[in-house]
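Structure first, then comments.
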Amino acid sequence: MIAAGVGELVGVVGTRGACAALAVPRASHYRHLRGPRHGPPMPRPAPARALSEPERAVVLGELHSPRFLDASPAAVYATLLDEGTYLASQRTMYRILAASAEVRERRDQLRHPAYARPELLAMGPRELWSWDISKLRGPVKWTYYQLYVILDVFSRYVPGWMVATRESAVLAERLIAETAAKEGIEPGQLTIHADRGTSMRSKPVALLLADLGVEQSHSRPHVSNDNPYSEAQFKTLKYRPTFPARFGSLEDARAFCATFFTWYNTQHRHAGIGLLTPADVHAGRAAEITVARAVTLDAAYAAHPERFVRRPPTPPEVPTAVAERASLEAPWGAGLYGHEPAGDGRAEWGRGQRVARSAMI
């Protein structure tokens, strides 16, 4: 639209005046008139001041001479200048050496390989859970209730939660066991990720996960953002308009959380899963709902195609895989499994050879 307006004004006030009136750079106007360029870019012509190939060969031969093998281009330049010879500037010598792949770091420094950040990948529900504990303010100052929440990373569904008066590994063990039984988790099916809190790394929880055949994963040491899905869920909870400044009692906190998690699982339209509810994704209804949305949008486009300027509308995309940054650890007493970078930029872990992808999906 603006480009068309500039084109109409050019015949009246000229290119400079038209671009100034519509706040369009003249370079953008000329690029629009030229249109897109197709094919490979044009080769850059050699500057007229550049050295010829024979002259470049002479410079490179001088740099390769025995007396200058260990000398820098600056030293070569100064030595030749003192001898009454000028072949090229210091910068040109560096360019010639770089073209021959003869310029590198001269100091013997350790070169660190590219670090592939370890991540867990969930391709469907009940494959990867994240759990954490958050404090809820009690009726008076310095009193808190502990909210335990287990979150399915793929579907964002909360299969289990609990409010207690204290943080306890025994309570966490009971919650995980009951939730795994309710969801029908089979050995080798699930990985549970958590931060490095005392309850998360406790011996009762580790032994329970080993008995259930569940992989255990923790955030990397001294990294505060390796459990983002649980933290985001807690923010959704505490930013609700009805979230109170304090809870009057333990029963009050449990009643509020019961209402919230029912809303969160069955009514909350989550932006990370294509504006579906966690319950729909967890139950495998995402594809069916997406197809129904596409039919509705196609009907809207058929009725008024002029309202969709760029392209026909499409429903929000539902991710097919979700990754979680992690540091896999073996069950308690079995020793820890390290990792070593693989040749393709991934990291393979000892127990179960679970592959941790290096790209967030």
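In the numbering used here, the protein residues as written are 795 to 1155. Even glycine gets a Cβ: it sits at the ideal position worked out from N, Cα and C. These figures come from a predicted structure and were not determined experimentally.
Counting every other CB atom within 10 Å of its CB across the protein chains shown gives phenylalanine 1055 a total of 16 or more, marking it as buried. Counting only the Cα atoms, threonine 985 lies some 27 Å from arginine 1048.
Apart from sequence neighbours up to five positions away, the residues of its chain that approach histidine 823 with a beta-carbon distance below 6 Å are Val800 and Cys813, ordered along the chain.
Rounded to the nearest angstrom, the gap between the Cα atoms of proline 830 and alanine 821 is 14 Å. The C-alpha of arginine 1104 lies about 15 Å from the C-alpha of alanine 1094. For methionine 956, the enclosing beta strand (DSSP E) stretches over residues 954-958. The three-state reading of DSSP puts aspartate 926 in strand, counting E and B together. Taking one beta carbon from each stretch, the region 982-1000 and the region 1010-1023 have 3 or more pairs nearer than 8 Å; the two touch. Contact between the region 997-1014 and the region 1024-1032 is absent, with fewer than three C-beta pairs closer than 8 Å.
Taking C-beta atoms as the reference points, valine 1112 and glycine 1068 count as a pair closer than 7 Å.
For tyrosine 909, no alpha helix (DSSP H) segment is defined, and its DSSP state is neither H nor E. The alpha-carbon of proline 848 is positioned some 22 Å away from that of alanine 869. Going by DSSP, leucine 941 is part of the beta strand (DSSP E) stretching over 938-946.
Ranked by Cα distance from threonine 959, the first of Leu941, Ala815 and Gly1042 is Leu941. Note that the C-beta distance between arginine 905 and histidine 1064 is not below 7 Å. Scanning Asp946, Arg968, Phe948 and His1012 for the CA closest to the CA of methionine 956 turns up Arg968. The same chain holds no residue with a CB closer than 6 Å to that of threonine 1114 once the five nearest residues on each side in sequence are set aside.
The C-beta of methionine 836 has fewer than 16 other C-beta atoms within 10 Å across all chains shown, which makes the residue exposed. The beta-bridge partner set that DSSP reports for leucine 915 consists of Ala1117. Here DSSP, grouped into helix, strand and coil, assigns leucine 881 to coil. For the pair leucine 915 and glutamine 983, the Cα-to-Cα distance works out to about 13 Å.
Between threonine 879 and the set Glu856, Gly991 and Asp1074, the nearest pair of CA atoms involves Glu856.
Counting other Cβ atoms within 10 Å of its Cβ, glutamine 1061 stays below 16 and is therefore classed as exposed. Cβ neighbours of leucine 965 within its own chain (closer than 6 Å, five residues either side excluded): Ala958.
Only exposed fits glycine 833, as fewer than 16 other CB atoms lie within 10 angstroms of its CB. Each residue's CA atom was taken as its position, placing serine 996 and serine 894 some 58 Å apart. Relative to the Cα of lysine 1032, the nearest Cα in the group Tyr1058, Ala892, Val1089 and Ala908 belongs to Tyr1058.
For alanine 1073, the enclosing alpha helix (DSSP H) stretches over residues 1072-1076.
Straight through space, the alpha carbons of serine 962 and valine 943 are spaced by roughly 13 Å. Apart from sequence neighbours up to five positions away, the residues of its chain that approach serine 1013 with a beta-carbon distance below 6 Å are Asp989, Arg990, Asp1020 and Asn1021, ordered along the chain. With respect to leucine 881, valine 853 sits close: the two C-beta atoms are nearer than 7 Å. For histidine 1064, DSSP records a beta bridge to Leu1070.
The three-state reading of DSSP puts arginine 831 in coil, since its state is none of H, G, I, E or B. Residue range 847-857 is occupied by the alpha helix (DSSP H) that includes glycine 855.
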